[in-house]
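Below is one structure; the comments refer to it alone.
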Amino acid sequence: MKPYTHAERVKMFTDGEDADGEVFSEMRSNTLLVGGEHYNRKRLNILSRLQNFQDISDAQKIRITKNHIQKICDDYVNRILSSSPGVGFSPKNPTEVQDQKNAELYRSVWLDAQEKYNLNDAKENWAEDLVHIGEVAVKVFYDPSYGKITGFHEKLGDDGSSTGEADQTMPVMEGGFCFKELEPYNLIRPIECRDDMNTAEWLGYKFMSHKDALTAQFHEEDKRKFINTSAGNVFTVFDTSISGYRKTENEALVMEMFFRPCARYPQGYYYIMTRDGDLDEGELPSGVFPIRTKVYRRIHGSPRGRSPIKTMRPYQIEINRGASKLAEHQMTLGDDKLILVNAAKASPGMAMPGIRTVNISGAAPQILQGRDGAQFVTVIESNIRELYQVMGIDEDDSMNSAVDPYVLLYRSSKSKKKFARPVRRFSSFLIDVAKTYLTLAKYHLADDAFIRAAGRAEAVNIEEFRRAEELSCEIKIEDQSEDIESKLGRQIMIGQFLQYAGGKLSTEEIGKFAKLMPYSNMEEATGDMTLNYDAFKNSVLALDRGERPPVNQYDDHPYHIKKLSFRMSQPDYRLLEPQTQQNYEMKISIHQQME
C-alpha cells in the first residue's frame, strides 16, 4: 500500500473539517457563553448607552447577561476534580514479584512527571475543556530541545575535522516531554470515522504559526516556498484570548497529520504541511501515536462530543431575555409620571432644601406610578430553578458535627452518583495520557532522569523499566480516586482489620498494611518492618534477569528460604532458563548453609 500523496492528504483533511463544521461552531460558541459573551460583540456598550441616550429606541435594545452557564460549568469542573481522578498502578499478576516491581517503577516515573511537568494544573485545564467544549485532547511527545542546556556540540573545522573546542552556538539540550493541549475545534478526524477517534486511522490538527518562525524552522529553499505561497491570504481565526474572531495576514495555516501504525504505515507516520506542500514528515517516534482524546457526551453516529452547555442554552436565553426586558421597563417606565387634563399646565414651584415642588393650574393631575418590571421576575426565577434542577445542581447538605463516618460515606456516594459518568470518562482520559507518556518514557527517558524519579536504590532495575513488552502485559493502569471519602473509607477498613486481626499477623504483614493507610506517611516508619521483603524482591528480579545476586551473612535466612521456596513452586518457574533455575537453587543452598 503506497503512502498518501500530498493532494490526497489535503483532501482528507478538508473533508474531515467540513464534516464537523457545525460541531466546531457550537464548540466555539460554548467558549463565548462560558466567558459571558452571550450577544454579538458589535453591540454598543450598555453603560455608554445609558449615559449618552435619554430614551431607548427599537434599534437600540438593552442586552443583559446573567451568566448562570459559567457558574454551573464551574460546579461541574469542581465536582470532577473533587473526586481527584488519578492513575493507579497494580501488577497484572499480583503473585509475580516482577510485575509488582514494574508497577512500583511505573508509578514512580509517573509521579515524577506529574511534579516535573506540572500536570496537576494541566488537569484543571483538561477538565474545563471536557465540560466547556465537550471534548478534551492532548498531544504527548518528546522534544529534544526542551529543558536546560547540558553542554555544547564540538566545533568542526573547515574540512569537517574535529577541533576539540565547544561550539557555543550549538547547545545540547536536556530534552523533555510536552503535554500540549489541543483545541478540539481544531482537531480533525477522518470523515469515515463514526465510532471513536481513538481508533481512527489518523487524526489531524490545524494551527496558525507566524511565517518568520516557520521560515526559521524550515529554512530549506524547497520548503520555504510552501510557506511564502501563503502571502496575501487573509485568515479569519478564532482567538480564545479575545473571546472572538480576528483576521491575520502574517501567519500561515499549518496542518499536522498523525497516522497510527497500520499496513500503509507499519511504524506510524506524521506529516507537517501547508496546503501547498510538505514541510516535514517521518515515522512516529517509537511508533507511539501521540494524540489522546475523550468526549463528554457522544453524538450518536459521530465520534465528536457535546458539552452540557447544549442543555443550558434555551434556559440561559430566557433568563437573559427576562433580565433585559426587566431593565428595559425600569429605564422606560420606571419613573412616576404626571398626566394633565386639557388646559392644565405645570410649572416649576418654589425651590426648598431637599424638596421639589410643581405648580399646577387647572384640574388636579393624575399620577401614574412607574413600573419596575416585576412581571418578569417570576419568569426569570422559574427558569433559573428549572435550569439548576435539569443540570442536577443542588446545594451542599449541611453536615452535622457528630455525623457517623459511614453516614458521611453514604451521603457522599449518593451525591457523586450524578456525576459518575463524566468522572469516569475523565479518569479514562488520564489513563490514556499516562499510558502514552510511559510508553514514550521507556525509550526517551535518560538513565539519570529515571534514577531521579525512582531513587538511587532502583538504579539496578533500569532494564526492568525499559523492557519492550506492552504495558498492559506487565501492569494494570486503572482509575484511582483519592478524594476525602475514598481515603476515609480505606482508613476505616484497614484500621478495623488491624484492630481485630493485628495480633495474628507478622511484623512484615503489619508493615505492608500500614503503608496502605492513606492518612499516614509510613514509608520511613515502616521501612525497618519491610526490609526483608524489599531485599527479597530485588533478589528475585536479579535472578529472573539471569544475574547472581550476592548473599549477605546478616540476611534473615529463614525468611529468604521460605520466600524463595515459594517462588520456585510457582507455575512459571519451570519456564525460566536452566541457568536461571540453577541460580535459584544455588542461592537457596547458600542461605541454607549460612543458616
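The sequence shown begins at 6 in the numbering used here and counts up by one.
C-beta atoms are modelled at their ideal positions from N, C-alpha and C, and glycine is treated no differently.
Nothing here was measured: the structure is a model prediction, and the numbers come from that model.
Check, Outcome
"Entirely enclosed alpha helix (DSSP H) segments - the segment 281 to 341, minimum 4 residues", "314 to 338"
"Member of Asp25, Gly156, Gly375 and His11 whose CA lies at the smallest distance from the CA of Pro195", "Asp25"
"Proximity to Leu289 [Cα-Cα], best of Pro266, Thr174 and Gly282", "Pro266"
"Pair within 7 Å by beta-carbon distance, Leu284 and Ala257", "no"
"Proximity of Ile74 and Ala132 at Cβ, strictly below 7 Å", "no"
"Phe146 versus Glu386 - alpha carbon distance", "49 Å"
"For Cys198, the three-state DSSP class (helix, strand or coil)", "coil"
"DSSP three-state assignment for Asp227, whether helix, strand or coil", "helix"
"Rounded separation between Ile3 and Glu109 - CA only", "Any property of residue 3 remains undetermined from this structure, which presents the chain solely from 6 to 600."
"Beta bridge counterpart(s) of Lys350 as assigned by DSSP", "Ser366"
"Inter-residue Cα distance where the pair is His1 and Gln597", "Residue 1 lies beyond the stretch modelled for the chain, which goes from 6 to 600, so this question has no answer here."
"Reduced DSSP secondary structure (H/G/I, E/B, other) of Gly26", "helix"
"First and last residue of the uninterrupted alpha helix (DSSP H) at Ile456", "Asp452 to Ala459"
"The segment 541 to 554 touching the segment 95 to 107, judged by at least three CB pairs closer than 8 Å", "yes"
"From Lys315, Arg199 and Ala332, residue whose alpha carbon lies closest to that of Pro308", "Arg199"
"Spatially closest choice to Glu468 from Leu331, Glu42 and Tyr111, by CA coordinates", "Tyr111"
"Secondary structure of Gly21, DSSP reduced to three states", "helix"
"Local Cβ density within 10 Å of Asp621, reported as buried at 16 or more and exposed below that", "Absent from the model: residue 621. The displayed extent of the chain is 6 to 600, so no value can be given."
"Helix, strand or coil at Pro427 [DSSP, three-state]", "helix"
"Counted within 10 angstroms of its Cβ, other Cβ atoms place Gln575 as buried (16 or more) or exposed", "exposed"
"Ser387, DSSP secondary structure in three states", "helix"
"Nearest-angstrom beta carbon gap, Phe184 and Leu124 [assumed within contact, 8 Å]", "7 Å"
"Through-space distance from Asp79 to Tyr578, alpha-carbon basis", "54 Å"
"Other residues of its chain near Val160: CB distance less than 6 Å, five sequence neighbours each side excluded", "First, the amino acid is wrong: residue 160 is Lys here, not Val. So the list reads Thr168, Glu170 and Asp172, once near-sequence residues are dropped."
"According to DSSP, residues forming a beta bridge with Glu140", "Val300"
"Distance, Gly282 Cα to Met228 Cα", "A quick correction: the sequence has Lys, not Met, at residue 228. Each residue's alpha carbon lies about 8 Å from the other."
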